[in-house]
Structures are given as C-alpha cells and as structure tokens.
Amino acid sequence: MSRLNDFLTEAGIFFLATKDGDQPKLRPLGLHMEMDGKVLFGIGDFKDVYKQLKENPLCEIAACKSDGTWLRYTGKAVFEDDPGYAEAALEAMPHLKEIYNDRTGNRMMIFRLEDAKAVLIHVMGEGESIL
Numbered sequence: 000m001s002r003l004n005d006f007l008t009e010a011g012i013f014f015l016a017t018k019d020g021d022q023p024k025l026r027p028l029g030l031h032m033e034m035d036g037k038v039l040f041g042i043g044d045f046k047d048v049y050k051q052l053k054e055n056p057l058c059e060i061a062a063c064k065s066d067g068t069w070l071r072y073t074g075k076a077v078f079e080d081d082p083g084y085a086e087a088a089l090e091a092m093p094h095l096k097e098i099y100n101d102r103t104g105n106r107m108m109i110f111r112l113e114d115a116k117a118v119l120i121h122v123m124g125e126g127e128s129i130l
C-alpha cells in the first residue's frame, strides 16, 4: 500500500472514474492518505461522485507522473465508518474545513478500494502489479 500511496503523492492529482447511468464520469482528485494499512480517499457527501459510488461502487483511479509512468488502480469503493479518518483528512488538508463543517452540513466521506488491483505502467514497458 505504501508504494501505491507514494505514487499518488508524487503524481499530485489523480483521476477517479465512476459510472452515471450508462455514462462514464471522470474527475480530478487530490485527497488521499495512508492509514491503518489502507490507502484512503475523500469525497463530499453532497457530490454526484458520492451518489455514483453508492449506486455502483466499481471504479478506477488513474494517475501519471511527469516521467510518463502511470498507475491504474481498480476496485470496489467501500466507505469507512470511523469518523477519525475524515478528521485526519481535514487535518491534512485544512483548507477543506471551509467546505466540510457543521455550518455547511457537508460531510467528508472516506473510502478505500477493496478487491483491488494496482498496476504501474512505464511509458514503453510492461505493467507491474504492485498489490
């Protein structure tokens, strides 16, 4: 998991693909963290992406580093119940506290991928499984 988390950190921005009806949806994200042996991601409970993952938890994350190496991380989104994960995410990215707080009513929903596969792919090379 550390290798996956490190790659996402180096890439900075990554993309999460979901399904909205019969239409694929892709959006950039940046929030991820490694805790308790899991790589965790955060999204807002008020966003379409949350509704899409609740309806169909199968998703894929893709990230690319400046050297052209890229990552494909595929699995099933499982939302975590422990509020400590959301608190840790907001401490790691304090500017998000303006969006996720009691005043706005917005909640940070933390998820991980289960039954997942992660593959690093070098520009002209073979994919390398890292999970």
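In terms of numbering that gives the first Met the number 0, the sequence shown has 65 at position 66, counting the first letter as 1, and numbering is strictly consecutive. We put the beta carbon where it would ideally sit given N, CA and C, even for glycine. Bear in mind the structure is a predicted one, so any value in this text is a computation, not a measurement.
Compare the Cα-Cα distances from H121 to each of D44, L70, N100 and L57 and report the closest residue.
Here residue 121 corresponds to residue number 122 of the sequence shown, with the count starting at 1. The option with the nearest alpha carbon to H121 is L70.
Is it buried or exposed, L136, if we count other Cβ atoms within 10 angstroms and call 16 or more buried?
This structure gives no information on residue 136, because the portion of the chain shown stretches from 0 to 130.
C-alpha distance - D81 paired with S65, whole-angstrom precision
Position 82 of the sequence shown holds residue 81. Position 66 of the sequence shown holds residue 65. Cα-Cα distance, rounded: 35 Å.
Check each candidate in E54, V118 and D44 and name the one with the smallest Cα separation from N100.
The sequence position of residue 100 within the sequence shown is 101, counting from 1. Measuring from the Cα of N100, the nearest candidate turns out to be D44.
Bridge-paired residues (DSSP) for H31
The sequence position of residue 31 within the sequence shown is 32, counting from 1. DSSP output for H31 lists F40 as bridge partner(s).
Bridge-paired residues (DSSP) for K18
For the purposes of this step, residue 18 is taken as residue 19 along the sequence shown, with counting starting at 1. Per DSSP, P23.
With a threshold of 7 Å on Cβ separation, who are the neighbours of K0 within its own chain once the five nearest residues in sequence on each side are excluded?
Numbered from 1 along the sequence shown, position 1 holds the residue referred to as residue 0. The sequence as given places Met at residue 0; Lys does not occur at that position. The residues are E33, G36, K37 and V38.
Just to confirm the assignment: which complete alpha helix (DSSP H) runs, minimum length 4, are found wholly within the segment 48-95?
82-91
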